[in-house]
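Presented below is the structure to which this report refers.
Residue numbers (this note's numbering): 66 to 255.
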């Protein structure tokens, strides 16, 4: 179990940086091909990070935490596909093609994926806060900033969007480092 926690913690740091560094750059340059590429590929590190965070708090989070994790993991899988598509596919298409594509059923798939992700993120954020295993600031930050990123994803990038990327980075890195440094939950007494 310790290996999975450490692996997930490293993935959490990489995920956080893949959001925060491009977000900081985009505050000055706007969205670029390289920042979109980094954000899109960074999504691959989300599931191991979420799993490690959940494993660290699973005993304290109880049944609610398990359900919140499950919904967040499914939403994350769906929204990772959306993030990958937005940043590595749609970004490189002509605006007219994107507009036509989003006029069809693709729009509903994106919106549905975002909805499941938001619900899962809010639930998991609540479980982080209730379990009190992780520090309060990144626990609140997880629920708020990742929800905001999903809501803001289809909108043009702004300074506010960049700020949310940076705050999400800080929350994820903090949670990941807390995951790394804690005791092995498998060895903890009930």
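Just so it is clear, CB atoms sit at the ideal spot from N, CA and C, and this is done for glycine as well.
Secondary structure at residue 199: coil, using DSSP grouped into helix, strand and coil.
Residue 86 sits close to residue 103, with the two beta carbons spaced by under 8 Å.
In this structure, the CA atom of residue 194 is about 25 Å from the CA atom of residue 68. Restricting attention to 115, 93, 179 and 141, the CA atom closest to the CA of residue 242 is found in 115. Along the length of the stretch 135-198, whole alpha helix (DSSP H) runs at least 4 residues long occupy 160-168 and 170-196, reported in chain order.
By the Cβ criterion, the stretch 201-208 is not in contact with the stretch 157-176, since fewer than three pairs of Cβ atoms, one from each stretch, lie closer than 8 Å. Residue 98 has its alpha-carbon roughly 16 Å from the corresponding atom of residue 218.
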